Amino acid sequence: MKLKNILGKIFSRNFIFAMLIIVQVLFFIFSVTKIGEQFYFVYLFLICLDIVLVIYIMNLDENPSYKLAWIIAISIFPLFGGLSYVFIKISQKIPREIGLHYQQQAQAYLIQNNDTLRLLEERMPDSGNLARYVANYGPYPVYRRTACEYFPLGELQFDAMIKELNNAKRFIFMEFFIISEGYMFDTVSEILIRKAKEGLDVRLMYDGIGTGMLNSSKPFKELQAQGVKCKSFNPFTPFLSTVQNNRDHRKIIVIDGHTAFNGGTNLADEYINRKERFGHWKDTAIMLKGEAVWNYTIMFLQLWEFGEKIGSDFENFLPVEKEFFDTPTDGFVQPFSDSPLDNENVSKCVYLDMINNARKSVCITTPYLILDDELFYALSFACKKGVDVTIITPHIPDKWYTHCVAWNTYPKLIEAGVKVYEYTPGFIHAKTLIADEQNAVVGTINFDYRSLYLHYECASILYGCSVVKSICEDFEATVRVSKRITLEDCKNRSAFNKIAGFFLSSMSPLL
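Count along the sequence shown from 1, then add 3; that gives the number in the working numbering.
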């Protein structure tokens with residue numbers, strides 16, 4: 004375990020960034036002392052290379068903040084900044100071809116019911132366009148016959164999850180970014196092994212860095228020996244390809260095709276507060292029963308078979324218990340996933356649309372608040388229109404540098420009229436957005452660059468469902484135990500935090 008922790012630190016972004024600075028300084032010292040006067044020609048060549056790259060980057064059709072971050076990186080690291088950017092552009096070609104196959108292989112199984120979409124457009128005109136966009140470009144349909152239950156804490160979701168796992172009869176699919184040994188893992192493992200021995204198709208997938216770099220492979224080998232199929236998504240291979248940056252940040256549980264869980268909760272004890280890290284850990288999730296679960300079944304199978312030539316027959320995993328399709332519902336549900344290997348930022352578009360179309364209120368919880376210009380101006384403009392915008396972030400962060408960036412953003416948001424709160428009991432890991440107390444998004448998508456551009460993510464959009472009331476009530480209860488941040492609080496930060504915040508904000512798209 005100590006070796007894993009050491010490796011995790013060595014290959015962390017902070018360590019690599021520090022090493023780049025050291026190597027850059029050593030390069031210039033070597034150039035001046037060994038090359039002498041010829042150093043100026045080398046330096047002139049690097050400047051010319053940087054100018055060419057900067058002009059090229061400025062003309063790309065990409066997020067302006069992302070382009071600016073690269074320009075700054077190239078300016079700080081004339082040698083390695085430019086070479087890193089060239090390497091990334093070259094190594095992204097093959098993954099994007101794989102990503103196209105990843106999206107196309109399931110399209111035949113994701114067919115939008117036009118009557119459902121038409122009914123949504125009639126009842127909620129502003130939501131109809133968003134649902135059509137996600138159905139066409141996700142591509143994940145919107146459904147009606149789906150019941151929803153909301154869990155304001157990870158431990159409540161865990162209790163429901165155990166009950167549903169014990170009732171499984173055909174298959175269990177589980178996918179997490181982080182899996183750690185402990186009570187939660189042991190409890191789930193016992194059920195998975197028992198169900199595998201009963202003849203169920205039991206699969207467990209985890210991210211190759213989020214889990215693989217932090218844990219021994221022994222527990223997964225033991226599960227494999229007991230009949231549970233385990234898979235590490237995108238295993239860690241340092242410096243070989245930028246696809247290593249594209250992590251599986253999703254949390255999905257599908258049971259027999261008729262029940263699904265999704266939210267911020269990973270398979271580790273801190274998520275259910277049996278292990279304390281960063282104070283009280285608040286997470287949220289939802290359970291779906293009915294038609295909309297099919298989207299999550301397809302999502303799981305897509306990544307499970309990522310890069311494989313022979314895939315499963317998706318139809319084998321359609322639910323056979325038709326009574327679940329007769330589940331009454333009072334709204335519409337649209338689970339969706341977002342891939343970093345295409346040019347469609349579905350998650351960001353969903354967030355922007357809900358913010359821009361809100362007429363009364365926008366409520367957001369996120370562990371990381373690293374906004375690009377579009378999201379910042381959307382939130383600011385909403386306030387200027389008279390929309391009540393409230394954001395809750397952690398008071399005890401798990402990453403000090405992301406907290407610095409958030410604090411650098413607070414003054415601008417507060418001046419625009421946004422109410423910013425920090426969850427004082429500890430760390431809030433929930434990723435939710437509520438618009439007008441009518442529509443909501445619950446899932447794995449943070450308000451930061453990594454979630455919106457680099458990771459595989461997923462969530463459910465809830466249109467007019469009564470469960471949104473429960474989400475609103477939980478948000479209000481969370482506000483009551485949180486501290487509202489003022490401009491005075493921002494002014495009273497230490498000089499170090501202010502300087503670090505300014506510097507890190509300029510590089511935030513690369514954090």
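Backbone N, C-alpha and C fix where the C-beta goes; we use that ideal spot for every residue, glycine too.
Since the model is a prediction, treat every value here as computed from it, not as a measurement.
L133 and V353 closer than 8 angstroms at C-beta: The residue labelled residue 133 in the question sits at position 130 within the sequence shown. The residue labelled residue 353 in the question sits at position 350 within the sequence shown. In this structure, V353 lies closer than 8 angstroms to L133 by Cβ.
Meets three-Cβ-pair contact criterion under 8 angstroms: the segment 450–469 and the segment 425–432: no
Spatially closest choice to T405 from L168, E476, P370, D375, by CA coordinates: Here residue 405 is taken as the residue at index 402 of the sequence shown, counted from 1. Measuring from the Cα of T405, the nearest candidate turns out to be P370.
Per DSSP, the bridge partner or partners of I256: Taking the sequence shown and counting its residues from 1, one reaches residue 256 at position 253. Paired residue(s): M177, F264.
Inside the segment 121–146 only - alpha helix (DSSP H) runs reaching at least 4 residues: 128–140
H283 - partner residues in DSSP beta bridges: As a position in the sequence shown, residue 283 is number 280, starting the count at 1. The partner list for H283 (beta bridge, DSSP) reads G429.
Cβ-based neighbour list, F379, same chain, cut-off 8 angstroms, excluding 5 preceding and 5 following: Start at 1 with the first residue of the sequence shown, and residue 379 comes out as number 376. For F379, where only same-chain residues beyond five positions count, the Cβ hits under 8 angstroms are T412, K415, L416.
Unbroken stretches of the beta strand (DSSP E), 3 residues or longer, contained in the segment 405–463: 422–426, 429–431, 435–438, 442–446
Beta-carbon contacts of G131 that lie in its chain and below 6 angstroms, excluding the five residues immediately before and after: Position 128 of the sequence shown, counting from 1, holds the residue named residue 131. Taken in chain order, the residues that qualify are L123, E124.
L203 Cβ short of 7 angstroms to the ligand SAH heavy atom set: For the structure depicted, the ligand SAH is absent and the ligand set is empty, with no information on it obtainable.
CB of V423 within 8 angstroms of CB of Y153, strictly: Walking along the sequence shown from the start, residue 423 turns up at place 420. Walking along the sequence shown from the start, residue 153 turns up at place 150. No; because the gap between Cβ atoms is not below 8 angstroms, this pair is not in contact.
Runs of alpha helix (DSSP H) wholly within the segment 300–378 (minimum 4 residues, chain order): 349–360
Own chain residues within Cβ distance below 6 angstroms of F281, not counting five before or after: Walking along the sequence shown from the start, residue 281 turns up at place 278. Hits under 6 angstroms: I399, D401, G429, F430.
Distance, Y146 Cα to N360 Cα: What you label residue 360 is simply residue 357 of the sequence shown in a count that begins at 1. What you label residue 146 is simply residue 143 of the sequence shown in a count that begins at 1. Going by the C-alpha atoms only, they are around 21 angstroms apart.
Candidates L270, I358, F339, of which the one nearest M177 by Cα: As a position in the sequence shown, residue 177 is number 174, starting the count at 1. Measuring from the Cα of M177, the nearest candidate turns out to be L270.
Residue interval of the alpha helix (DSSP H) (run including Y186): On the sequence shown, position 183 is the one that residue 186 refers to. Y186 -> alpha helix (DSSP H) spans 186–200.
Exposure label - V296; buried when at least 16 CB within 10 Å: On the sequence shown, residue 296 is found 293 positions in, with the first residue counted as 1. V296 is buried by the Cβ-count criterion.
Close Cβ partners of T268 (< 7 angstroms) along its chain, the five nearest in sequence each way excluded: Counting from one through the sequence shown, the residue named residue 268 turns up at place 265. Contacts found: G157, Q160, K254, Y274, D286, A288.
N500 to C475 span [Cα, whole Å]: Working through the sequence shown from its first residue, we reach residue 500 at position 497. Working through the sequence shown from its first residue, we reach residue 475 at position 472. Distance between the alpha carbons of N500 and C475: 33 angstroms.
Cα-Cα separation between P142 and F339, rounded to whole angstroms: Within the sequence shown, numbered from 1, the residue matching residue 142 stands at position 139. Within the sequence shown, numbered from 1, the residue matching residue 339 stands at position 336. In a straight line, the C-alpha of P142 is about 8 angstroms away from that of F339.
Spatially closest choice to L116 from A138, A109, S497, R126, by CA coordinates: What you label residue 116 is simply residue 113 of the sequence shown in a count that begins at 1. In the sequence on display, residue 116 carries Asn and not Leu. When only C-alpha atoms are compared, the closest one is A138.
Beta-carbon proximity of L291 to S473, cut-off 8 angstroms: The sequence position of residue 291 within the sequence shown is 288, counting from 1. The sequence position of residue 473 within the sequence shown is 470, counting from 1. No, the Cβ-Cβ distance between L291 and S473 is not below 8 angstroms.
Residues bridged to D477 [DSSP beta-bridge criterion]: Taking the sequence shown and counting its residues from 1, the one referred to as residue 477 is at position 474. Partner(s): none; D477 has no beta bridge.
8 angstroms Cβ shell around N169 - same chain, five flanking residues per side excluded: Residue numbering aside, residue 169 sits at position 166 when the sequence shown is read from its first letter. Around N169: I194.
Coil, strand or helix - R487 by DSSP: Here the question's residue 487 lines up with position 484 in the sequence shown. In this structure, R487 counts as strand in the three-state DSSP scheme.
Same chain only: Cβ atoms within 6 angstroms of C366, ignoring 5 sequence neighbours per side: Locating residue 366 in the sequence shown gives position 363, where the first residue counts as 1. Closer than 6 angstroms at Cβ, skipping near neighbours: T393, I437, F478.
Coarse secondary structure for T393, derived from DSSP in three states: Locating residue 393 in the sequence shown gives position 390, counting from the first residue. It is a strand residue.
C-beta contact flag for D439 and R362 at 8 angstroms: As a first step, residue 439 must be located in the sequence shown, where it is residue number 436. As a first step, residue 362 must be located in the sequence shown, where it is residue number 359. Taking 8 angstroms as the Cβ cut-off, D439 and R362 qualify as a contacting pair.
Among L47, E418, E377, nearest to C386 - alpha-carbon criterion: Walking along the sequence shown from the start, residue 386 turns up at place 383. Answer by Cα proximity: E418.
With 16 other Cβ atoms within 10 Å as the buried cut-off, status of E491: One-based indexing of the sequence shown puts residue 491 at position 488. E491 comes out exposed.
Assigned exposure category for A498 - 16 Cβ within 10 Å defines buried: In the sequence shown, residue 498 corresponds to position 495, counting from 1. That one is exposed.
Of the residues C151, A111, G202, the one placed nearest G334, counting alpha carbons only: Start at 1 with the first residue of the sequence shown, and residue 334 comes out as number 331. Looking at the Cα atoms, C151 is the closest of the given residues.
Opposing strand residues paired with E152 [DSSP bridges]: The residue you call residue 152 lines up with position 149 of the sequence shown. In the DSSP output, where bridge partners are listed per residue, E152 has M290.
Cβ neighbour criterion (16 or more within 10 Å) applied to F309: Numbered from its first residue, the sequence shown carries residue 309 at position 306. Buried.
For S244, the three-state DSSP class (helix, strand or coil): Walking along the sequence shown from the start, residue 244 turns up at place 241. Low confidence applies to S244: its pLDDT is 47, below 50, so where it sits in the model is not reliable, and the reading given next is rough at best. In this structure, S244 counts as coil in the three-state DSSP scheme.
Boundaries (first-last residue) of the beta strand (DSSP E) holding K234: For this step, residue 234 is matched to residue 231 along the sequence shown. Where K234 is concerned, the enclosing beta strand (DSSP E) stretches over 232–236.
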